[in-house]
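Q:
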Amino acid sequence: MLKGILNYAHYLLEEAIKKDELVIDATCGNGNDTLFLSTLVGEHGKVLAFDIQKEAIAATKQRIIANERTNVSLIHDSHENIAKYLPVHTNEKISGAIFNLGYLPKSDKKIITKPDSTIIAIDTLLNHLRKDGLIVIVVYHGHEGGKAEKEAILKYLFHLDQKQYSVLRYGFINQKNDPPFILAIQKKID
Ligand SMILES: C[S@@+](CC[C@H](N)C(=O)[O-])C[C@H]1O[C@@H](n2cnc3c(N)ncnc32)[C@H](O)[C@@H]1O
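So in this note's numbering, spot 11 of the sequence shown is number 33, and the numbers just go up one at a time.
1) Go through the region 55 to 79 residue by residue and report every complete run of the beta strand (DSSP E) that reaches 3 residues or more, in order.
2) So Phe121 packs on Ala48, CB below 8 Å; how close in whole Å?
3) If you pair each beta-carbon of the region 65 to 82 with each one of the region 146 to 154, do three or more pairs fall below 8 Å?
4) At a cut-off of 7 Å, is Asn29 close to ligand 1 when judged by its beta-carbon and the heavy atoms of the ligand?
5) Taking the DSSP output, what are the residues bridged to Gly118?
6) With burial defined as no fewer than 16 other Cβ atoms inside 10 Å of the residue's Cβ, what is the status of Phe58: buried or exposed?
7) Drop a sphere of 10 angstroms on the beta-carbon of Leu147, count the other beta-carbons inside from all chains shown, and report buried for 16 or more, exposed for fewer.
8) Quick check: what's the CA-CA separation for Gly53 versus Gly124?
9) Rounded to whole angstroms, what's the CA-CA distance from Ala119 to Ser139? Just pull it up for me.
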């Protein structure tokens with residue numbers, strides 16, 4: 023069976039990430055992906071989860087407490103500042119990251135991810151990704167501002183050197199109403 027978008031996003035991450043590793047949820051929202059990443063890396067791994075909205079951080083906090091997780095750090099800041107929060111002493115690499123673009127469901131539709139900050143965050147993550155590490159971006163683009171972000175990211179990824187990165191696009195082309203799709207970037211070198 024063809025996997026749906028969110029299932030496929032998780033499947034890709036599951037393939038790339040091992041126990042005890044460092045991973046990033048760049049847009050934690052209600053914490054679904056944070057919890058999933060927390061399970062993948064296990065109690066000795068680490069998830070850094072970012073969101074610019076207090077409500078999102080609070081919702082994710084509730085979810086990780088309810089699930090008794092101790093391996094998540096919640097960061098109330100934009101993902102464009104990811105570099106500030108990475109461990110400097112160990113120089114530990116990142117094995118995986120996820121973005122769910124757009125707005126928080128049932129919340130203010132004007133608070134959305136934006137092209138410039140999303141691209142800065144992707145660029146930072148690529149610089150800190152280990153070999154075979156993976157960034158998964160779920161691109162929602164039906165809302166106001168979504169098309170511009172989609173175009174900017176595609177343009178940025180289109181120019182990544184194929185010797186260093188594999189870039190995949192996965193989506194259903196016969197669905198109505200601007201269906202979301204996945205962009206995934208795997209690093210081929212150290
Ligand atoms: C589609 S929602 C994420 C859904 C989430 N993955 C979940 O499982 O519920 C997008 C989130 O991105 C957040 N966001 C927007 N701009 C951001 C930025 N620059 N840095 C971090 N988060 C941002 C929004 O506040 C919103 O919560």
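Just so it is clear, CB atoms sit at the ideal spot from N, CA and C, and this is done for glycine as well. Because the structure is a prediction, the values reported are computed rather than measured.
A: According to the structure data:
1) If we require 3 residues or more, the beta strand (DSSP E) runs fully inside the region 55 to 79 come out as 68 to 72.
2) For the purposes of this step, residue 121 is identified with residue 99 of the sequence shown, where counting begins at 1. For the purposes of this step, residue 48 is identified with residue 26 of the sequence shown, where counting begins at 1. At roughly 5 Å, the Cβ-Cβ gap stays under 8 Å, so Phe121 and Ala48 are in contact.
3) At 8 Å Cβ cutoff, the stretches do not touch.
4) Along the sequence shown, read from residue 1 onward, the residue named residue 29 stands at position 7. The nearest non-hydrogen atom of ligand 1 is 7 Å or more from the C-beta of Asn29.
5) By 1-based counting over the sequence shown, the position of residue 118 is 96. BP columns for Gly118 point to Val45, Leu156.
6) For the purposes of this step, residue 58 is taken as residue 36 along the sequence shown, with counting starting at 1. Looking at its Cβ environment, which holds 16 or more other Cβ atoms inside 10 Å, Phe58 is buried.
7) As a working note, residue 147 is residue 125 in the sequence shown. By the neighbour-count rule (16 or more Cβ atoms within 10 Å), Leu147 is buried.
8) Residue mapping note: residue 53 aligns to position 31 of the sequence shown, counting from 1. Residue mapping note: residue 124 aligns to position 102 of the sequence shown, counting from 1. Their Cα atoms are separated by approximately 15 Å.
9) For this step, residue 119 is matched to residue 97 along the sequence shown. For this step, residue 139 is matched to residue 117 along the sequence shown. Near 15 Å, if we compare the C-alpha coordinates of Ser139 and Ala119.
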